[in-house]
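Colleague:
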DNA sequence: ACAATTCGTGCAATATCGTGTAATATCATG
DNA sequence: CATGATATTACACGATATTGCACGAATTGT
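Residue numbers (our numbering), protein chains in the order written: chain A, 67 to 314; chain B, 67 to 314.
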């Protein structure tokens with residue numbers, strides 16, 4: 067077990083669950099608590115996490131907000147979302163994937179927009195409560211809490227017979243050769259299924275996802291009709307591969 | 067359970083509901099009241115919340131919470147919800163109807179409760195995000211925004227094949243002769259369908275609903291296994307009609 | 001006014017922390 | 001290959017933090 071490797075594991079776990087308990091983690095890795103504690107101390111010194119009695123939590127809100135805006139690009143997402151929202155004036159039905167990016171899209175939608183929206187994310191459904199003219203159809207299934215979308219056989223069956231104009235795909239990596247990827251295989255399969263039912267597949271891609279690759283492939287680049295992304299050098303390979311790209 | 071993590075939970079809950087009751091929160095987290103009180107004291111010292119007898123309030127109350135509390139018996143509902151939550155220790159699966167009352171029930175559930183929960187309310191599904199041991203199954207369908215539940219043929223079909231131990235029915239009127247009633251006919255039909263799929267049907271009934279009658283009937287009094295309600299004179303006719311009533 | 005909660009403080013048991021230390025492994029260099 | 005430098009790890013130990021309980025004081029509801 068390499069030290070740096072272990073620290074990576076700690077950060078991954080922290081990102082996933084939001085917390086680390088020193089005792090549990092040492093048992094999991096079959097190492098002494100001292101070692102883990104030392105790692106936590108050092109990571110805390112680098113500002114990568116917040117040390118607390120008994121373990122660690124994600125970096126403190128003040129720091130996290132900066133890191134989050136850097137890493138998660140809230141403002142960028144909001145801008146792209148507004149651009150994407152404008153394209154929905156003459157669309158009849160869309161499918162909204164889960165994720166913070168599509169949540170931003172909902173926030174960018176005019177309150178009087180008339181539209182039919184399908185989604186398998188309860189969070190998205192709740193966010194659409196105020197949009198009186200939007201007809202929401204929720205796809206049922208087993209709730210996958212990591213990304214708060216429904217998955218599984220019943221969800222798959224529910225989308226089998228629907229047709230939508232545009233699918234707003236959520237992804238965590240988009241690469242010219244590896245295509246669109248995400249972090250969980252069931253999710254990837256579900257996204258691929260939904261894409262088959264849509265006339266167009268578009269995605270709002272914040273900069274950190276451009277050129278990135280996640281473990282599970284949703285489909286190759288050709289599955290996408292277009293993406294919304296900020297101007298960026300790393301977009302070049304995608305554009306060369308024939309992908310339509312809209313930028314603010 | 068990490069101390070800082072717990073404090074974060076307190077602040078999150080506080081932001082969501084505007085208040086914390088020390089006793090309830092200690093039960094939810096399975097810790098002594100002393101510990102919670104200590105946390106509240108320390109958070110108050112940091113100015114992050116306002117300490118009051120019995121718990122704590124938000125440091126800077128938001129308008130939304132005031133609006134929410136107006137017109138609704140939040141405290142009564144919370145008390146009844148806690149009573150109902152205790153009955154779920156040995157239950158395997160439940161169906162949660164929509165509505166603020168059942169939302170209170172979710173808030174009263176211990177965070178480590180192990181349970182299978184079916185619901186057709188995205189709001190309820192979102193509220194269960196933190197309950198790691200709760201398996202959530204969302205019933206899909208057309209979203210009826212007035213009460214934020216899914217309805218329609220696909221929702222009806224989805225519940226056709228399920229079986230649950232307990233259905234927590236949401237209603238707006240309960241009358242000895244008129245039975246259980248609600249404000250929308252599609253909703254009423256859906257509730258009746260779900261009730262058929264449950265071994266027990268229970269309801270948390272705040273005082274303003276006792277003896278009240280709404281336009282659309284869900285079923286007669288016999289459909290209910292039991293209700294949770296505060297002591298009240300108007301309960302007498304219901305009790306006489308043979309309804310099991312639990313009170314705090 | 002009285003009973004029931006709730007509060008704050010002191011206290012003891014336990015868990016966790018940080019530092020120092022020694023053993024071992026890995027690295028750098030001649 | 002030899003050797004000293006550096007890193008890593010586990011253990012020891014005194015210091016600190018956390019938690020639940022006890023008890024008398026304060027607060028609340030009736």
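C-beta: ideal position from N, C-alpha, C; glycine also.
Treat the numbers as computed from the prediction; the structure is a model and nothing was measured.
#1: Return the CA-CA distance between residue 131/A and residue 152/A, expressed in angstroms with no decimal places.
#2: Is it true that the CB of residue 173/B sits closer than 9 Å to the CB of residue 121/B?
#3: In three-state DSSP terms, what is residue 295/B?
#4: Using a Cβ-Cβ cut-off of 9 Å, state whether residue 163/A counts as contacting chain B.
#5: Compute the Euclidean distance between the alpha carbons of residue 129/A and residue 112/A, then round it to the nearest angstrom.
#6: Any C-beta of chain A within less than 8 Å: which residues of the region 187-207 of chain B qualify?
#7: How many angstroms separate the CA atom of residue 266/A from the CA atom of residue 232/A?
#8: In this structure, how does DSSP classify residue 266/A when only helix, strand and coil are distinguished?
#9: Could you tell me which whole beta strand (DSSP E) segments of length 3 or greater appear in the region 217-249 of chain A?
#10: Flag this pair as yes or no: are the beta carbons of residue 208/B and residue 204/A separated by less than 9 Å?
#11: Grab me the residues of residue 227/A's own chain with a C-beta within less than 6 Å of its C-beta, minus the 5 sequence neighbours each way, in chain order.
#12: Can you list, in chain order, the residues of its chain with a C-beta nearer than 6 Å to that of residue 262/B? Leave out the 5 residues immediately preceding and following it.
#13: Please classify residue 156/A: does DSSP put it in a helix, a strand, or coil?
#14: If you measure beta-carbon to beta-carbon, which residues of the region 149-163 of chain B are closer than 8 Å to chain A?
#15: Would you please verify whether the beta carbon of residue 252/B is less than 9 Å from any beta carbon of chain A?
#16: Residues of the region 215-248 of chain A in Cβ contact with chain B at a cutoff of 9 Å, in chain order, please.
#17: Helix, strand or coil, according to DSSP, for residue 80/A in the structure here?
#18: Helix, strand or coil, according to DSSP, for residue 136/A in the structure here?
#19: If you run the structure through DSSP and keep just helix, strand and coil, what is residue 302/B?
#20: Consult DSSP for residue 148/A and reduce its assignment to one of helix, strand or coil.
#21: Which same chain residues, not among the five before or five after residue 72/B, have their C-beta less than 7 Å away from its C-beta?
#22: With respect to 8 Å, is the separation between the Cβ of residue 265/A and the closest non-hydrogen atom of the ligand MG below this value?
#23: How many Å lie between residue 115/A and residue 102/B at the Cα?
#24: To the nearest angstrom, how far is the alpha carbon of residue 246/B from that of residue 303/B?
#25: Counting Cβ pairs closer than 8 Å, one from the region 276-289 of chain A and one from the region 239-257 of chain A, do we hit at least three?
#26: State the Cα-Cα distance for the pair residue 230/B and residue 206/A, rounded to the nearest angstrom.
#27: Tell me which residues of the region 271-305 of chain A have at least one Cβ-Cβ distance to chain B shorter than 8 Å, keeping chain order.
#28: Quick check on this structure: which residue in 218/B, 284/B, 82/B, 124/B has the alpha carbon closest to the alpha carbon of residue 238/B?
#29: Going by alpha carbons, who is nearest to residue 240/B out of 123/B, 202/B, 309/B?
Modeller: On the basis of the data shown:
#1: Taking the first residue of the first chain as 1, we reach residue 131/A at position 65. Taking the first residue of the first chain as 1, we reach residue 152/A at position 86. Because the pLDDT of residue 131/A is 45, which lies under 50, any placement of that residue in the model is unreliable, and the number read from its coordinates should be weighed accordingly. Cα to Cα, residue 131/A sits roughly 28 Å from residue 152/A.
#2: What you label residue 121/B is simply residue 55 of the second chain in a count that begins at 1. What you label residue 173/B is simply residue 107 of the second chain in a count that begins at 1. The answer is no: Cβ separation not under 9 Å.
#3: What you label residue 295/B is simply residue 229 of the second chain in a count that begins at 1. Residue 295/B falls in the coil class under three-state DSSP.
#4: If you number the first chain from 1, residue 163/A lands on position 97. Not one chain B Cβ lies under 9 Å of residue 163/A.
#5: On the first chain, position 63 is the one that residue 129/A refers to. On the first chain, position 46 is the one that residue 112/A refers to. Only weak support exists for where residue 129/A lies, its pLDDT of 44 falling under 50; the value from the coordinates is given anyway. Using only the alpha carbons, I get a separation of about 12 Å.
#6: 188, 189, 191, 192, 194, 195, 198, 201, 202, 203, 204, 205, 206, 207
#7: The sequence position of residue 266/A within the first chain is 200, counting from 1. The sequence position of residue 232/A within the first chain is 166, counting from 1. Between residue 266/A and residue 232/A, the C-alpha separation is close to 5 Å.
#8: In the first chain, residue 266/A corresponds to position 200, counting from 1. DSSP places residue 266/A in strand when its eight states are reduced to three.
#9: 230-235, 239-241, 245-248
#10: Residue numbering aside, residue 208/B sits at position 142 when the second chain is read from its first letter. Residue numbering aside, residue 204/A sits at position 138 when the first chain is read from its first letter. Yes; because the gap between Cβ atoms is below 9 Å, this pair is in contact.
#11: Counting from 1 along the first chain, the entry for residue 227/A is found at position 161. Cβ neighbours of residue 227/A beyond the five flanking positions: none.
#12: On the second chain, position 196 is the one that residue 262/B refers to. Hits under 6 Å: none found.
#13: Counting from 1 along the first chain, the entry for residue 156/A is found at position 90. DSSP places residue 156/A in coil when its eight states are reduced to three.
#14: none
#15: Indexing the second chain from 1 puts residue 252/B at position 186. Output row for residue 252/B: interface = no.
#16: 216, 218, 220, 221, 224
#17: Numbered from its first residue, the first chain carries residue 80/A at position 14. It is helical.
#18: As a working note, residue 136/A is residue 70 in the first chain. Only weak support exists for where residue 136/A lies, its pLDDT of 48 falling under 50; the value from the coordinates is given anyway. Of the three classes helix, strand and coil, the one that applies to residue 136/A here is helix, per DSSP.
#19: Start at 1 with the first residue of the second chain, and residue 302/B comes out as number 236. Here residue 302/B sits in helix by DSSP.
#20: For the purposes of this step, residue 148/A is identified with residue 82 of the first chain, where counting begins at 1. Helix, per DSSP.
#21: Taking the first residue of the second chain as position 1, residue 72/B is located at position 6. Answer for residue 72/B: 95, 105, listed in chain order.
#22: What this structure holds is no ligand at all, so the ligand MG is not there to describe.
#23: By 1-based counting over the first chain, the position of residue 115/A is 49. By 1-based counting over the second chain, the position of residue 102/B is 36. About 25 Å.
#24: Along the second chain, read from residue 1 onward, the residue named residue 246/B stands at position 180. Along the second chain, read from residue 1 onward, the residue named residue 303/B stands at position 237. One C-alpha to the other measures close to 14 Å.
#25: yes
#26: Locating residue 230/B in the second chain gives position 164, where the first residue counts as 1. Locating residue 206/A in the first chain gives position 140, where the first residue counts as 1. Distance between the alpha carbons of residue 230/B and residue 206/A is about 17 Å.
#27: none
#28: One-based indexing of the second chain puts residue 238/B at position 172. Cα-wise, what sits closest to residue 238/B is 284/B.
#29: Reading the second chain from its first residue, position 174 is the one you call residue 240/B. That would be 309/B, whose Cα lies nearest to the Cα of residue 240/B.
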